[in-house]
Structures are given as structure tokens and as C-alpha cells.
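Quick mapping for you: the protein sequence lines, in order, are chains A and B.
If you count the first sequence from 1, you need to add 3 to reach this note's numbering.
If you count the second sequence from 1, you need to add 3 to reach this note's numbering.
Backbone N, C-alpha and C define an ideal beta-carbon position, used for all residues, glycine too.
Everything numeric in this text was worked out from a predicted model, so none of it was measured.
Number of protein chains: 2
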Amino acid sequence: MQFSSSLLENAVNEFAKLPGIGKKTALRLVLHLLKQEPAEVGQFSEVIAKMRAEIKFCQRCHNVADGDICSICANSQRKKELICVVENIRDVIAIESTQQFNGTYHVLGGVISPLDGIGPDQLNIEALIQRVEKEQIEELIFALNPNIQGDTTIYYIQKKLQQSSVRVTTIARGIAFGGELEYADEMTLGRSLQNRLPVERYVK
Amino acid sequence: MQFSSSLLENAVNEFAKLPGIGKKTALRLVLHLLKQEPAEVGQFSEVIAKMRAEIKFCQRCHNVADGDICSICANSQRKKELICVVENIRDVIAIESTQQFNGTYHVLGGVISPLDGIGPDQLNIEALIQRVEKEQIEELIFALNPNIQGDTTIYYIQKKLQQSSVRVTTIARGIAFGGELEYADEMTLGRSLQNRLPVERYVK
């Protein structure tokens, strides 16, 4: 792509560094910004820079936060004795969007994956163990992606907590709402048969 | 979508204002930036703001420029007597990418479209007429999208130039009616420049 302005070219190149944004899309976005008022583009640019420079991670749950403690941990309405363990920030947002969970979180920052060189020490696992020991935690709910890495991580943390009286659960595995039985893999279908629910509980 | 950080939320909202970027894509882009070094994100933000604040439009051809005159008009190798008339900056980039054109451009800033309330006065048409009168222009090549608005614009400008001895041509209809210049492959676009037709033959 040939540009007659290096300012334009630099801006397109910066956008094209983002994941899933090619050169043509980058150009479309930059030309859109070019049509906006300078003040609006200034705000766009400022908000992004400010976000990266000032965002913090909650000292308690490792979620993103504006201060030392995130708004979920700081909320006195949330049950502090209930911790939902997730892989990353995106999972927190997904669960919050269901509006079905009133506890707090613990963001691991990944899952144990020896092939990718990620062991327990690279994750916020030790911090979780300490939270369970020091805070009055009643239940840990694992909400990790249902794959080998997720299961390994659950197994590892559960072993570490054997001495503790905390209740350890995981979100239900089964056929997704709107899913097709015939396309479900054998593992999922088999487990959903084993973990079947009385209809009364399913319906409510 | 529920966020535990207003910094994150603001950044996602800014990205989601861009065309074709929804909330989920915006979140993906912001979380990508969150993983980058602050200096890199600072550069991203700075380049965008600088682009909008400092970019200029060429006083001669109305293309984007870093200074008063764009790099194409300033290039002594380009034939000044040959003007390619295009709708917008994107079309300049598309034609430059073919590497088949060695003249200069004139960016109209749109095409005549009464339904959208765009008449000749909203476009850089008067400036084009003046360029033809004052500069030693030998040929105008119209490279407008092949649709009614484009044809109307060609017809209007040709009428205005009837007294002039300038040769008026249009790129060949290698591009399907209703197509968009920016999505044409370089071969088609390049050939359509080589096979341009006099407007008299094009109109009938």
C-alpha cells in the first residue's frame, strides 16, 4: 500500500499491529478517525494511553482495577467467602454479564500448560492458597475452560488444598443451551449423563 | 458487559465507536494493548493523535499531505500535465498500489449525489476547473466508481470543460457496475488505467 502522507502511514501501521486487523481494515479505521473532530480523536488516544498507564491489578483477586482493590472486591454486597476461580479477565466479564454470581473472583492469569512452559509458579496460585488460608473462604468454584489444561489446574490446586476444609466445586459441564446432542463429543455427553439432574432442579 | 475498572470500560467504549468494531472485538483489542509495554501503547496513542492533529490536505490536489503539498504533487518525476480525478483518498491509495500511474491526482472529496444533498459546490470541482485553466493540463483521467453518481459527476465536469482543449478520459469498465474501487484487485485496476476511453465513447 502506497501512502502520500507518512502521518497517515504510521497511523495505519499502528492499527495493523492489533490482532485481527489487516492493512485495509486499519486504513478504514484511520480514515474514519480522520473524519472525526480533532478533540474526539484526542480523547480516543488519551483514553487508551491512560488505560495502559494507570490500570492496576487488584491485590486481592488479580482482576483489573482502577486502584489497589477492584470494584468487585470493594463491594460490601458481594459474598467474600465465595471465590470463583477463573483463567483471565475476560472470564470475569463473561460471568459478571450473567448476573448470576454474587461472590468474588480469583484470576489465575492462565492455566497450567507444560507444553507452553506455563507451570504453577507463573500463575497466581500461591496467592489463592494464601487467600483460602487467611480469609474465611467457604467455597472455591472453578470456572476454567473444560480441557486438559483446565482440569490439570483444578487437580493441582485441589491437591494443595487437601488439608483445608474449603469446599471445592466446578461449574457444570454438559450440553450447551441450544446445542445439538448429535454433535456433542463423547466426553461431554458421557459426563452429562453421569451428572444428570432431577428435573425439578433443572427447571427452576 | 460488566467491567470492574472504569479505565478498561472507557477504553473499550472508545474502540467500540470505530466502524465495524463491536464490544467484544473492542475488548479483545484493549486486552491485547493491556499486554503490551506501556511505551508501545503510548506510541500507538501518540501516532493516532498526531495524525489527526497534524495531517493536512494538499493545496493542489486535496490529497492527504504532511505539509502544504502532498508527496505526489511534490515529486518532480510525476507528470504534472496528467491528472487522475478520484472520489477520495482511499482511491488514491488503491491506484498508487497498482504502480501503473505516473501523473498526479485531484481528489473531489465525493461525487455529485442529489439524494444525499451533495452538489458540485460541496466538492473540489471548481478547484479542478481552475487547475485545468491555469496549469498546462493535457489529460484528465476520471477514476470514479462506476455508478450513477460517478457518471453524473463525469458528465457535469466534462460539460464545464467543453471550451477547454483538455483531453478527458475515464478508466475502462473493467470493474463490475456497482463495484467499489478500493476492493478491486490491482491487475484489474491497473489494466483499466491502461485501457482508458475518451468520454464520448464511454457515454454512448
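Query	Result
Rounded straight-line distance, which links the Cα of residue 108 (chain B) to that of residue 143 (chain B)	9 angstroms
Chain-ordered chain A contacts of residue 35 (chain B) [CB-CB under 7 angstroms]	21, 22
Where the beta strand (DSSP E) through residue 109 (chain B) begins and ends	106-110
Between the CA atoms of residue 153 (chain B) and residue 110 (chain A) - distance to the nearest angstrom	56 angstroms
Extent of the continuous beta strand (DSSP E) run through residue 57 (chain B)	First-last for residue 57 (chain B): 41-57, but that is the alpha helix (DSSP H), not the beta strand (DSSP E).
Reference residue 64 (chain B); option with closest CA among B:129, B:12, B:119	B:129
Within 8 angstroms, strictly: CB atoms of residue 5 (chain A) and residue 99 (chain B)	yes
Chain D contact for residue 150 (chain B) (CB, 8 angstroms cutoff)	Protein chains in the displayed structure are A and B, and chain D is not among them.
Residue 201 (chain B), DSSP secondary structure in three states	strand
Among B:117, B:112, B:80, the one whose alpha carbon lies nearest that of residue 104 (chain B)	B:80
Interface flag, residue 203 (chain B) vs chain A, CB-CB below 8 angstroms	no
Nearest to residue 251 (chain A) (by Cα), restricted to the options A:124, A:122, A:76, A:71	Chain A is shown only over 4 to 207; residue 251 (chain A) falls outside these bounds and no answer can be derived.
Where residue 172 (chain A) falls, given that 16 or more other Cβ within 10 Å makes a residue buried	exposed
Beta carbon proximity, residue 53 (chain B) to chain A, threshold 8 angstroms	yes
Contact set between residue 4 (chain B) and chain A, taken where Cβ atoms lie within less than 7 angstroms	96, 100
Residue 87 (chain A) - containing beta strand (DSSP E), residue span	82-89
Within 8 angstroms, strictly: CB atoms of residue 114 (chain B) and residue 156 (chain B)	yes
Neighbour-count burial assignment, residue 17 (chain A), 16 or more Cβ in a 10 Å radius	buried
Cβ pair residue 58 (chain A), residue 164 (chain B) closer than 8 angstroms	no
Proximity of residue 9 (chain B) and residue 67 (chain A) at Cβ, strictly below 8 angstroms	no
Simplified DSSP assignment, three categories, for residue 114 (chain B)	coil
Neighbour flag for residue 145 (chain B) against chain A, beta carbons, 8 angstroms	no
Chain-ordered neighbours of residue 121 (chain A) on chain B, where CB pairs are closer than 9 angstroms	None at all; the shortest Cβ gap to chain B is about 15 angstroms.
CB contact check: residue 180 (chain A) to chain B, cutoff 8 angstroms	no
Other residues of its chain near residue 85 (chain B): CB distance less than 6 angstroms, five sequence neighbours each side excluded	106, 142
Cutoff 7 angstroms; reference residue 159 (chain B); Cβ partners in own chain excluding five residues on either side	115, 123
Runs of alpha helix (DSSP H) lying entirely within the region 124-179 of chain A, each at least 4 residues, in chain order	128-137, 151-163
Cα-Cα separation between residue 134 (chain B) and residue 29 (chain B), rounded to whole angstroms	44 angstroms
Whole-angstrom distance between residue 45 (chain A) and residue 54 (chain A), CA atom to CA atom	14 angstroms
Residue 131 (chain A) and residue 88 (chain A) closer than 8 angstroms at C-beta	yes
Residue(s) in a DSSP beta bridge with residue 121 (chain B)	B:116
Beta-carbon contacts of residue 170 (chain A) that lie in its chain and below 8 angstroms, excluding the five residues immediately before and after	141, 142, 143
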